[in-house]
Amino acid sequence: MNKIKKLSEGSFLKLVFAFLTACFLIAALCMNDRAQMFTGLWQIISQPSKLSTNYFAVGGYAATFLNMGLVCAISLLLFVIFKGTPNNASTLAFILTVGFASWGINILNIWPTIFGVMVYCLVKKEKFGANVNAMLFSTGIAPLITDLMIRYPNADAVGFNLPGIGLSLLVGLVIGFFLPAGLANSPKVHKGFDLYSAALPIGMTAFLLNGVLYKTLGVALPAAADAAQLQVASRLTVNVFCITVFGICVVAAFLLGCRPKDYWRLLTDPALVTNFSSTYGNAVFLMNLGVYGLFILGYYNLIGASFNGVTFGIIFCMLACCNSGSHPGNVWPIMLGYFVASTVCGWLSPLVGGNFTLAVNAQAICVGLCYANGLSPIADKYGWRYGFLAAVLHYLLVTSVPTLHGGYCLYNGGFTAALICIILVPELERFCKTKDEKKALKAEKK
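Letter 71 of the sequence shown, counting from 1, is numbered 79 in the working numbering, and no numbers are missing.
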């Protein structure tokens, strides 16, 4: 334990990544359908993965955990082989990519865009290790890569074919090549208030390709996955796995020296902190990973979400910000905003003759809330009321945004969060005072 305490931030994060990898692979071997693990993995690889595809239904539980474990291993190996040093952004990239591995990403459709980032590194003569985060973020458009491989321009899957593989490789290389520039510019657009910063360039790319490959050419957009598959779910499997993993993180954090007052400092720090492991230390970051994970799990249990592959994945997609600014103290206003918005809209809908389907536990809203947590810097800087307002706006828009990108951007909610920032942040800067400014004014009056 003393050796672990002395690890640098980068080495400690690699250890956390290895721990998560082992957890998913061990879980795959523990599933009742483990005998069909590899045939199920083939089904996941060879079937469309457009939003929202439940891998529990497509390949089974063991195959889903295996896919997640292998995606973990690949992501970790990219850091190891290219000698990348993980940081807070790497934590987001790694856990986010793994979260999608239960409903959109697989061990095949990630490679074309990763290769594209590698080509960028070769052309610009930049180190591969410094761009591993970009490689992982590039996989946010993986469902389009699969569709190009197995069914474009058809509505139904026709299987792997040489033209499709060639087209997917070409598109992936182009996306990966230009993504690093978009990643660097994205924070300037949302001014750092969207923790899912990569969602903006990925979302705009998906928007462009939806127009070029489908709308402009008159090719019919394939339908999303059958909603009936979302009924394949297991509350027990998801809860046992998450409680075990997050519980181990909490216990390990205590053993590494994290005291309750250390974590309380993270929760109550008035400053806008976006790198927990370097600011508060590895043990406190690990505590937040465990506590925040249990907090997210508790929320989805409380609202009665269906624990299918999609819900399982978004627990980790939401957890991805655990080292970049999100914690229970600044996310609860986001959750409250979603709950209130759903309640009010559910009451208003019948009054205007509507057919309300967006209850707080509806699948699309559960997914939306996951990425609304990326707006937590607004609550941090301006106060919980404005975090609440941002969440309400996010709720109102998140189910309409897929029309722009055709369901091919896994970062749909993060893309929506960026749009909310573009709308809301300029108004906050013009009309509202930050918490620090309010505090300074209050001190002057004294």
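We treat Cβ as the ideally placed atom computed from N, Cα and C, and that holds for glycine.
Residue i and residue j: beta carbons closer than 8 Å?
i: M326; j: C378; result: yes
i: A65; j: M39; result: no
i: L274; j: N247; result: no
i: N96; j: S384; result: no
i: T407; j: G376; result: yes
i: N62; j: G414; result: no
i: S146; j: I173; result: no
i: A241; j: S314; result: yes
i: G354; j: A372; result: no
i: V197; j: L187; result: no
i: A380; j: G421; result: yes
i: I118; j: T213; result: no
i: C417; j: I210; result: yes
i: A36; j: L86; result: no
i: L59; j: P410; result: yes
i: A328; j: G77; result: no
i: V79; j: I53; result: no
Leaving aside the five residues before and after residue i along the sequence, list all residues of the same chain whose C-beta is less than 6 Å from its C-beta, in chain order.
i: G291; result: As written in the sequence, residue 291 is Ala, which differs from the Gly given in the question. Result list for A291: A261, L264, G265, C266, in chain order.
i: L412; result: F215
i: T287; result: V281
i: I153; result: N117, P120, S176, G180
i: S357; result: F364
Between which residues of its own chain and residue i is the CB-CB distance below 8 Å, once the five residues before and five after are set aside?
i: I431; result: L401
i: A349; result: A399, V400, Y403, L404
Straight-line CA distance for residue i to residue j?
i: P341; j: L404; result: 16 Å
i: G137; j: G184; result: 15 Å
i: L221; j: G112; result: 20 Å
i: A192; j: F303; result: 31 Å
i: T319; j: A448; result: 42 Å
i: S98; j: K446; result: 34 Å
i: A426; j: S205; result: 8 Å
i: L84; j: P151; result: 22 Å
i: V253; j: L28; result: 8 Å
i: T351; j: A43; result: 44 Å
i: V88; j: V24; result: 13 Å
i: G167; j: I34; result: 31 Å
i: N309; j: I103; result: 21 Å
i: G18; j: G92; result: 9 Å
i: A101; j: S194; result: 15 Å
i: L144; j: V179; result: 16 Å
i: S110; j: R438; result: 42 Å
i: L170; j: A26; result: 35 Å
i: G67; j: L49; result: 6 Å
i: C440; j: R393; result: 11 Å
i: Y346; j: A228; result: 33 Å
i: N338; j: G289; result: 19 Å
i: A231; j: G219; result: 16 Å
i: T47; j: H335; result: 38 Å
Can you tell me which of the three DSSP states residue i falls into?
i: A370; result: coil
i: N331; result: helix
i: A425; result: helix
i: N283; result: coil
i: N316; result: strand
i: A399; result: helix
i: A241; result: strand
i: I311; result: coil
i: T61; result: coil
i: C129; result: helix
i: P278; result: coil
i: V227; result: coil
i: T252; result: helix
i: R267; result: coil
i: C417; result: coil
i: G7; result: Residue 7 cannot be examined here, being either before or after the span of the chain that is shown, 9 to 454.
i: N290; result: helix
i: D234; result: coil
i: F347; result: helix
i: Q44; result: helix
i: Y204; result: coil
Below 7 Å CB to CB, which residues in the same chain sit around residue i once its five sequence neighbours on both sides are set aside?
i: L344; result: F396
i: R293; result: The sequence as given places Phe at residue 293; Arg does not occur at that position. Answer for F293: F284, S285, N331, listed in chain order.
i: A165; result: Q55, P56, I158, R159
i: L181; result: P120, F123, G124, V127
i: C374; result: Y308, A313, T319, I322
i: R243; result: F315
i: Y390; result: L436, C440, T442, K443
Inset, instruction - Quick one: which unbroken alpha helix (DSSP H) runs of 4-plus residues sit fully inside the segment 87-126? Chain order, please. - result: 96-108
Inset, instruction - Could you name each continuous alpha helix (DSSP H) segment of 4 residues or more that falls completely within the segment 122-191, going from the start of the chain to the end? - result: 140-145, 150-158
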